[in-house]
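Participant: According to my numbering, the stretch in the sequence shown is residues 8 to 163, in order.
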Amino acid sequence: MYFFLPDERDGLQNLLEKLISVSGYSYEYRCLSEKKLDEFWIPKFKFSFDFDVSSTMEEMGMPFPFMENPEDFAEMVEIPNGLNVPRMFQKAFIEVDEKGTVAAAITLRSIPGYYPAPPPKNTSFVADHPFMFMIIDEASRLVIFTGTVLDPSKAK
Numbered sequence: 008m009y010f011f012l013p014d015e016r017d018g019l020q021n022l023l024e025k026l027i028s029v030s031g032y033s034y035e036y037r038c039l040s041e042k043k044l045d046e047f048w049i050p051k052f053k054f055s056f057d058f059d060v061s062s063t064m065e066e067m068g069m070p071f072p073f074m075e076n077p078e079d080f081a082e083m084v085e086i087p088n089g090l091n092v093p094r095m096f097q098k099a100f101i102e103v104d105e106k107g108t109v110a111a112a113i114t115l116r117s118i119p120g121y122y123p124a125p126p127p128k129n130t131s132f133v134a135d136h137p138f139m140f141m142i143i144d145e146a147s148r149l150v151i152f153t154g155t156v157l158d159p160s161k162a163k
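(1) What is the residue span of the beta strand (DSSP E) that LYS53 lies within?
(2) Out of SER55, ARG148, VAL60, PRO137, which has the shortest C-alpha to C-alpha gap to ALA110?
(3) In the DSSP assignment, what are the bridge partners of ASP144?
(4) THR153 and PHE138 look like a contact to me (Cβ under 8 Å); what is the Cβ gap, rounded to whole Å?
(5) Closest by CA to GLU105, which one among GLN97, MET67, TRP48, ASP135?
(6) Determine the burial state of ALA112: buried for a count of at least 16 other Cβ atoms within 10 Å of its Cβ, exposed for fewer.
(7) Kindly indicate the opening and closing residues of the alpha helix (DSSP H) around SER131.
(8) So what does DSSP say about ILE27, is it helix, strand or coil?
Here is the structure:
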């Protein structure tokens, strides 16, 4: 799990903009050498998020699974008669506390430039202002979960 804590208390927006707009920025930021910390403090937090995947996929131009009669794809794949997925939902959950991290995601369907980051300035990591976190699969470098904590004082 990676934590991104901006130096400035109001610097989260700038950090997010760099992560989104600068190709390779998050990977280079993660490649900093390990450093022993005298203090590491993050608040306990728990988030869940759910959304309708089908409408998002349709907006992205991928309507195939949700079409009632997908004849357009008959030459590419064999489609059993009447097979379609009218709705698809995703729910994600993450909880971080003193025992560790628990994260899960489930998808349900219903049928009928480069800038290296500066090194840390001290040996403490105290997340007492807005920060970002990521859970990343090290082998593939895929971001599995990402989120922000905007007010650590209200995290439970």
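Built from N, CA and C at the ideal position, the CB exists for glycine as well.
Facilitator: Well, looking at it:
(1) 52-59
(2) SER55
(3) LEU149
(4) 12 Å between Cβ atoms; not a contact.
(5) TRP48
(6) exposed
(7) Per DSSP, SER131 belongs to no alpha helix (DSSP H); it is in the beta strand (DSSP E), 131-133.
(8) helix
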